[in-house]
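Visitor: If you read the sequences in order, they're chains A and B.
Using this note's numbering, the first residue of the first sequence is number 9, and each one after it goes up by one.
Using this note's numbering, the first residue of the second sequence is number 9, and each one after it goes up by one.
Where a beta carbon is used, it is the ideal one built from N, C-alpha and C, also for glycine.
I am attaching a structure below and will ask some questions about it afterwards.
There are 2 protein chains.
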Amino acid sequence: MARSEGLREHTEVDRVIHDPVRFAIMACLSLLESADFLFLLQELSLTKGNLAQHINKLEESGFVTVEKVIREKRTHTMYRLTPSGRAAFSDYRRSMQRVLEKLA
Amino acid sequence: MARSEGLREHTEVDRVIHDPVRFAIMACLSLLESADFLFLLQELSLTKGNLAQHINKLEESGFVTVEKVIREKRTHTMYRLTPSGRAAFSDYRRSMQRVLEKLA
DNA sequence: ACAAACCGGTTTGTGTTGCAAACCAAACCA
DNA sequence: TGGTTTGGTTTGCAACACAAACCGGTTTGT
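Given below as structure tokens:
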């Protein structure tokens, strides 16, 4: 297993980001700066409840901020990455790439 | 989101392999051809129950075979990838790499 | 003016996981 | 003979993913 150093550490990746739905949300936000509920809903083909809960978890983890504004008489909820969310995402990305490359 | 095609599909990655512990198990087996219970236990720093259950799931999914032999009076359980496990692992690896590269 | 439908989410309920602790049978040890 | 180690399996529980149901407010239709 000479090339396997890192596999054990891999079992400790950030599970908050590792979830594919949350990864996709983080990825969107990292590309767009900000996005609203409906955009993410469509872009990622999720149900509303599902999206809401994943966003909750990302907020609890301090990775995204939620900003509610009134726009054209309706509430509009915008999400964006926090600096720590951005850092965590990029750490995650790097460590995934490292482990994948080792097996290549 | 021009660069985001693939994020939605990412939410459908193979969850069996996506779990970090199972990914690590698959990775070990892909490097080693075969490994036994105790080796994986140490290499990945898992508890026995945890390892056993993850192996179960990989077996149910048809990704690994379990072979029990008697060795020096004791049972020895060996695991190895099935062809379909090997294929699934390599598919997973490629699709993860693709999605990570898009964000780079 | 009143109801029906819609919008933008949130809350609730349920089945599925991940995990470690407890357990177990067989071998070895004293 | 009783206890310990080896090599796991079973059990119990907390956390989670998910969709259905719900909800306050708004627009549409009549």
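1) For the pair the segment 47-56 of chain A and the segment 53-73 of chain B, tell me if three or more CB-CB distances fall below 8 Å.
2) What residue from B:F97, B:V107, B:K81 and B:H26 has the CA that sits closest to B:V72's CA?
3) Scan the segment 11-69 of chain B and note each continuous alpha helix (DSSP H) run of 4 residues or more that stays entirely inside, going in chain order.
4) Is the Cβ of A:V77 closer than 8 Å to any Cβ of chain B?
5) Assuming A:R101 and B:L108 are in contact, meaning their beta carbons sit under 8 Å apart, how far apart are those beta carbons, in whole angstroms?
6) Per DSSP, B:R88 is paired with what?
7) Please classify A:A32: is it buried, with 16 or more other beta-carbons within 10 angstroms of its beta-carbon, or exposed?
8) Given a threshold of 16 other Cβ atoms within 10 Å of its Cβ, counted over all protein chains shown, does B:A95 qualify as buried or as exposed?
9) Please work out which residues of its chain come closer than 6 Å, Cβ to Cβ, to A:G93, disregarding the five sequence neighbours upstream and downstream, and give them in chain order.
10) Cβ of A:V74 within 8 Å of Cβ of B:T19?
11) Kindly give me the distance between the Cβ atoms of B:F45 and B:T85, rounded to whole angstroms, as I take these residues to be in contact under 8 Å.
12) Note down the Cα distance separating B:A10 from B:A35, rounded to an integer number of angstroms.
13) Is the separation between the beta-carbon of A:L49 and that of A:L59 shorter than 8 Å?
14) Just mark A:A112 as buried or exposed, buried being the case when its beta carbon has 16 or more other beta carbons within 10 Å.
15) Out of curiosity, what's the CA-to-CA distance linking B:R88 and A:L15?
16) Could you work out which residues of chain B lie near A:E67, taking near to mean beta carbons separated by less than 9 Å?
17) Among residues of its own chain, excluding the 5 on either side of B:V77, which ones have a beta-carbon nearer than 6 Å to its beta-carbon?
18) Could you list which residues in chain B have their beta carbon closer than 8 Å to that of A:V29, in chain order?
Guide: Taking the coordinates as given:
1) no
2) Position 64 of the second sequence holds residue 72 of chain B. Closest by alpha carbon: B:F97.
3) 15-18, 23-26, 28-40, 45-52 and 56-68
4) Numbered from its first residue, the first sequence carries residue 77 of chain A at position 69. No, its Cβ sits nowhere closer than 8 Å to a Cβ of chain B.
5) Sequence index remark: in the first sequence, residue 101 of chain A carries index 93 (1-based). Sequence index remark: in the second sequence, residue 108 of chain B carries index 100 (1-based). That pair is a contact at about 6 Å.
6) In the second sequence, the residue the question calls residue 88 of chain B occupies position 80. BP columns for B:R88 point to B:S42 and B:T73.
7) Counting from 1 along the first sequence, the entry for residue 32 of chain A is found at position 24. Under this definition A:A32 is a buried residue.
8) Against the second sequence, residue 95 of chain B aligns to sequence position 87. Exposed: under 16 other Cβ atoms inside 10 Å.
9) Your numbering for residue 93 of chain A matches position 85 in the first sequence. Excluding residues within five positions, the ones whose Cβ falls inside 6 Å are F71 and V72.
10) Working through the first sequence from its first residue, we reach residue 74 of chain A at position 66. Working through the second sequence from its first residue, we reach residue 19 of chain B at position 11. In this structure, B:T19 does not lie closer than 8 Å to A:V74 by Cβ.
11) Start at 1 with the first residue of the second sequence, and residue 45 of chain B comes out as number 37. Start at 1 with the first residue of the second sequence, and residue 85 of chain B comes out as number 77. So it is a contact: roughly 5 Å between Cβ atoms.
12) Counting from 1 along the second sequence, the entry for residue 10 of chain B is found at position 2. Counting from 1 along the second sequence, the entry for residue 35 of chain B is found at position 27. Reliability of the predicted coordinates at B:A10 is poor, the pLDDT of 49 falling under 50, and the value obtained from them is presented with this limitation in mind. C-alpha separation (whole angstroms): 32 Å.
13) As a first step, residue 49 of chain A is located in the first sequence; it is residue number 41 there, counting from the start. As a first step, residue 59 of chain A is located in the first sequence; it is residue number 51 there, counting from the start. Yes, they are a contact pair.
14) Numbered from 1 along the first sequence, position 104 holds the residue referred to as residue 112 of chain A. A:A112 is exposed by the Cβ-count criterion.
15) Start at 1 with the first residue of the second sequence, and residue 88 of chain B comes out as number 80. Start at 1 with the first residue of the first sequence, and residue 15 of chain A comes out as number 7. The straight-line gap from Cα to Cα measures roughly 17 Å.
16) In the first sequence, counting from the first residue as 1, residue 67 of chain A sits at position 59. In chain order: nothing, as chain B lies at least about 19 Å away.
17) In the second sequence, residue 77 of chain B corresponds to position 69, counting from 1. Excluding residues within five positions, the ones whose Cβ falls inside 6 Å are H84.
18) As a working note, residue 29 of chain A is residue 21 in the first sequence. The contacting residues are T19.
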